[in-house]
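So the sequence shown is numbered by the working numbering: it starts at 207 and just counts up by one.
Glycine is no exception: its CB is placed at the ideal position from the N, C-alpha and C atoms.
Treat the numbers as computed from the prediction; the structure is a model and nothing was measured.
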Amino acid sequence: MAVTKTAKRAIRSATNRKVVNDKRKKTMKETVKSTRALISQKDKKGSEKNLPTTFSALDKAAKRGIIKKGTADRKKSRLAKAVAKIEK
Numbered sequence: 207m208a209v210t211k212t213a214k215r216a217i218r219s220a221t222n223r224k225v226v227n228d229k230r231k232k233t234m235k236e237t238v239k240s241t242r243a244l245i246s247q248k249d250k251k252g253s254e255k256n257l258p259t260t261f262s263a264l265d266k267a268a269k270r271g272i273i274k275k276g277t278a279d280r281k282k283s284r285l286a287k288a289v290a291k292i293e294k
């Protein structure tokens, strides 16, 4: 348990950061999941429409350190490749 005033403050701020980061991570995962669902349904138009939102969520997560930049780039690349693979 924290004893000093600054240690208590650090615990509070870490808890608040965790809540915010968890929310951002959840948003990112939900957008990726919805895009993957559209891809599995072979909905090219819907998945192309959803792709910019997903890319934005991944970039924001990478910018804020929730995931690494390389991870975001890899996910974006694989999603774009999967969308391009869908036939009309």
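Assignment of Glu-236 by DSSP, reduced to helix, strand and coil, places it in the helix class. Note on Ala-216: under 16 other CB atoms within 10 angstroms of its CB, so exposed under the neighbour-count rule. Taking C-alpha positions only, Glu-236 is separated from Ile-273 by approximately 15 Å.
According to the DSSP assignment, Gly-252 belongs to the alpha helix (DSSP H) that extends over 250-269. Nearest to Lys-232 by C-alpha distance, out of Asp-249, Lys-266, Ser-246 and Met-207, is Lys-266.
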